Every structure is written in C-alpha cells, then in structure tokens.
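Asks: Pasting a structure here, questions to come.
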Amino acid sequence: MNRLSPRRPRPAGGRRTAFVLSGGGSLGAVQVGMLKALFESGVTPDILIGTSVGAVNAAWVAGRPGADGMADLADIWLGLRRQDVFPISPLMSAAGLLGRSNHFISNINLGSILKKNIPFERIEQASVPLHIVATDLKSGRATILTSGPAVPALLASCAIPGVFPPVTIGRRAYVDGGVANHTPITVAVDLAATDIYVLPVGYPWLNREPTNALGMALHALARIVEQKLDAEVAAYQEVASIHVLPVLDIADVSPADFSHTRELIDWGYRSARRSVGMAVNGRSNAAPSLPVRPKKQLSFDPQAA
Numbered sequence: 002m003n004r005l006s007p008r009r010p011r012p013a014g015g016r017r018t019a020f021v022l023s024g025g026g027s028l029g030a031v032q033v034g035m036l037k038a039l040f041e042s043g044v045t046p047d048i049l050i051g052t053s054v055g056a057v058n059a060a061w062v063a064g065r066p067g068a069d070g071m072a073d074l075a076d077i078w079l080g081l082r083r084q085d086v087f088p089i090s091p092l093m094s095a096a097g098l099l100g101r102s103n104h105f106i107s108n109i110n111l112g113s114i115l116k117k118n119i120p121f122e123r124i125e126q127a128s129v130p131l132h133i134v135a136t137d138l139k140s141g142r143a144t145i146l147t148s149g150p151a152v153p154a155l156l157a158s159c160a161i162p163g164v165f166p167p168v169t170i171g172r173r174a175y176v177d178g179g180v181a182n183h184t185p186i187t188v189a190v191d192l193a194a195t196d197i198y199v200l201p202v203g204y205p206w207l208n209r210e211p212t213n214a215l216g217m218a219l220h221a222l223a224r225i226v227e228q229k230l231d232a233e234v235a236a237y238q239e240v241a242s243i244h245v246l247p248v249l250d251i252a253d254v255s256p257a258d259f260s261h262t263r264e265l266i267d268w269g270y271r272s273a274r275r276s277v278g279m280a281v282n283g284r285s286n287a288a289p290s291l292p293v294r295p296k297k298q299l300s301f302d303p304q305a306a
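Written out as structure tokens, the structure reads:
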C-alpha cells in the first residue's frame, strides 16, 4: 500500500477547483498526460470526480496528488496489457451468450490491479475528496459514492453492462457510471466548484462511418455523450469557469487496446499543456468556452507499440 499524501485544507478565497474525469477504457491513458500537465502548470484539485476509468485515475490522484504521483501513475498504465483488464475466457463468454451469465468477462483481474495500486482502502481516506460515479442498476440513476471501501466502488463505476458483472454495495447493484453520467460536470457544480477542469478522452469510432449494428450503436452513443457534454458546459458556464481539455480524435484504437499507452499519454500531455497554458495566462478566463474538438488524428506505428 502506498503512503498517502496529507489531506489538504479547504482552499482560501472561496475558490474550489474540481477535476472531472470521464470514462473510456484504455483511452483513459490520455488523462494521465493531462493530469501531468495540470500539476506542472500549478493547477491542483480540491475535488476529484470520476466515472469508469476516469474514477480509477481520479482515485490515484486523490491519494497521490502531485508530480511524483503522476509519474507513478504513468508507470502503472505502461505496465498494463489487454489481458490484465479484459481477460477473455471461452467458458465465460459462452455462458454469457447462452444466457447463463449477465457478463462476458470477470472483474477479478481488474479488482486485483485496483487492490495493488489504489493508495487507500476507503474512499474517505483519500487526501483529496473523491467522488465516484456509478449507476444504480434498478433505477438507472447516477449514484455518487463518497465513502466506504474504495475497490468495490471503483469496480462498480467500471462495470460496463454485459462486459463486467454488476457490483453489489449494500443492498443495491451498480454498473458503469457512464450509463447515467459519462462526464459528471453537474456533480462538480453541486459541490460548489468554481473552476472545473474536464478531462475527456474522445471517441475513436466517431472517425469511421458505422458499417454494422455494433458500430451504429457506438456511433450513436458517442454522439449522445458528446452533445450532453456540450449542453452541460453551455448550461453552467455562468455558474463556474469550465475548461474542457481538448479531446483526442484517433483512428483504429479500441478502448480495449493497451498497446498505444505511451503515445496516448504523450498526446494528452502535449495537448493539455498548450490548453492549460492559455487558461493560466488569462486568455481563456474571461468567459469559459465550449469544448474545442480538434480533428487531428494520430497514426500509430505498430512496430513501436
């Protein structure tokens, strides 16, 4: 278990900075670079809010905020492979297809990774207040988990329906927080955040015309999430200063592909460094703007992966 940083006192002057981290599977590596850029620029969180893989990254930051913590987080990510997180079992897959199970992949491997690396056992032990978003399976509503064992809460937030099993906490079953609130800006607003930094990951399937039913579903889902984020930024820009870091538009990288982690971290760092530099210098503080969505695509060299 890693040593925790001391809990921070409440910020002076009435300002409260929140980091909001969205889900996105292996593309969450982009957020590692973004976080590094934010800390290097002197932007630190008073509140951390995360959904799915964003909740995992937020949990690490909540226990190890600072440049050293971000370097260690990058090392953890660089050591991950698809089989570590999404182990495919023919028997379990068959059970799912035959209706004998409600999921295709066990969450045991993911749970082991979390137990090994998350630097606290209970959410309330984090040095920076942590808010984990999960979806109540019965009601379909977002639930914000702020206390209790950290690993079950994170597993619940990451429980992609049909892929991982729902996680029972207390008497309720939970699934992926992205089902109810993929990028929980509203949570930051409810917590009286005055400065909100949103760390999205982008949607690679938006770069391709859907050619089958699954592709069409993913395309539609990504558009819904994208439009909801734009609407929330527009709705709350008079309440808080909202900075949406540039999203990553990449081709041919699946959210289950961990072979491009280094490139994703580097892209997130360079892009966020430019964006945060503009904000810190005051050029974007006057009026928060809607997300900038650059159309640049990264091409990866398979030989370098």
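Residue 306, in our numbering, is where the sequence shown stops; the numbers in between run on with no holes. Note that CB positions come from ideal geometry on N, CA and C, so glycine has one too. Just so you know, these numbers come straight off a predicted model, no measurement behind them.
1) Nearest to V202 by CA position, among I266, G64, A241, Y237, is which residue?
2) Could you tell me how far apart the beta carbons of S107 and P88 are, in whole angstroms, since I believe they sit closer than 8 Å?
3) Quick one: Cα of I109 to Cα of I161, how far?
4) Determine the direct distance from the alpha carbon of L49 to that of G178, and round the result to whole angstroms.
5) At 4 residues or longer, what runs of the alpha helix (DSSP H) sit wholly inside the stretch 136-190?
6) So, does the stretch 135-145 touch the stretch 178-191, judging by three or more C-beta pairs under 8 Å?
7) Cβ of A151 within 8 Å of Cβ of A232?
8) Whose C-beta lies closer than 7 Å to the C-beta of V54 among residues of the same chain, with five residues either side of it excluded?
9) Within a Cβ cutoff of 6 Å, which residues of the same chain sit near P46, ignoring the five residues on either side of it in sequence?
10) Answer yes or no: the CB of L155 versus the heavy atoms of the ligand ADP, is any distance below 7 Å?
11) According to DSSP, is F105 helix, strand or coil?
12) In the DSSP assignment, the alpha helix (DSSP H) including I124 goes from what residue to what residue?
13) Which stretch, first to last residue, makes up the beta strand (DSSP E) that contains I48?
14) Quick check on V33: does DSSP put it in helix, strand or coil?
15) Quick one: what does DSSP say S260 is sitting in, helix, strand or coil?
16) If the criterion is Cβ atoms closer than 8 Å, does the pair G64 and A157 meet it?
17) Using three-state DSSP, classify V21 as helix, strand or coil.
18) Could you tell me which of E125, T52, G34, R83 sits nearest to G70, measuring between CA atoms?
19) Between K37 and the rest of its own chain, which residues show a CB-CB distance below 6 Å, the 5 nearest in sequence each way excluded?
20) Report yes if the CB atom of A143 is closer than 8 Å to the CB atom of I124, and no otherwise.
21) Relative to the C-alpha of L22, which candidate in I186, S255, S260 has its C-alpha closest?
22) Bridge partners for I114 per DSSP, in chain order?
23) Assuming I77 is part of the alpha helix (DSSP H), what are its boundary residues?
24) Identify every residue that forms a DSSP beta bridge with L131.
25) Starting from V86, trace the beta strand (DSSP E) in both directions and tell me its first and last residue.
26) What do you get for L148, buried or exposed, if any count of 16 or more other CB atoms within 10 angstroms of its CB means buried?
27) Tell me which residues share the same chain as A193 and place their Cβ nearer than 7 Å to its Cβ, disregarding the 5 neighbours each side in the sequence.
28) Suppose the cutoff is 6 Å on Cβ atoms and the five residues either side in sequence are ignored; what does the same chain contact list for L111 look like?
29) How about V240 and V188: are their beta carbons less than 8 Å apart?
30) Buried or exposed for Q298, going by 16 or more other Cβ atoms inside 10 Å?
31) Within 10 angstroms of its Cβ, does E227 collect 16 or more other Cβ (buried), or is it exposed?
32) If you drop the 5 nearest sequence neighbours on each side, which residues of the same chain put their C-beta closer than 7 Å to that of E122?
Replies: Walking through what the data contain:
1) I266
2) 7 Å
3) 14 Å
4) 15 Å
5) 151-158
6) yes
7) no
8) G24, G25, G26, G29, C159
9) T18, F20, V129
10) The model on display carries no ligand, and the ligand ADP is accordingly not part of it.
11) coil
12) Unbroken run through I124: none, as it is neither H nor E.
13) 48-52
14) helix
15) coil
16) no
17) strand
18) G34
19) M71, Y270
20) no
21) I186
22) According to DSSP, I114 bridges with nothing at all.
23) 68-79
24) L49
25) Where V86 is concerned, there is no enclosing beta strand (DSSP E), although the alpha helix (DSSP H) it sits in stretches over 83-86.
26) The sequence given here has Ser at residue 148, not Leu. The residue is exposed, with fewer than 16 neighbouring Cβ atoms inside 10 Å.
27) R17
28) V86
29) no
30) The predicted model places Q298 with a pLDDT of 40, which falls under 50 and marks its position as unreliable, so this point remains unresolved.
31) buried
32) P150, A151
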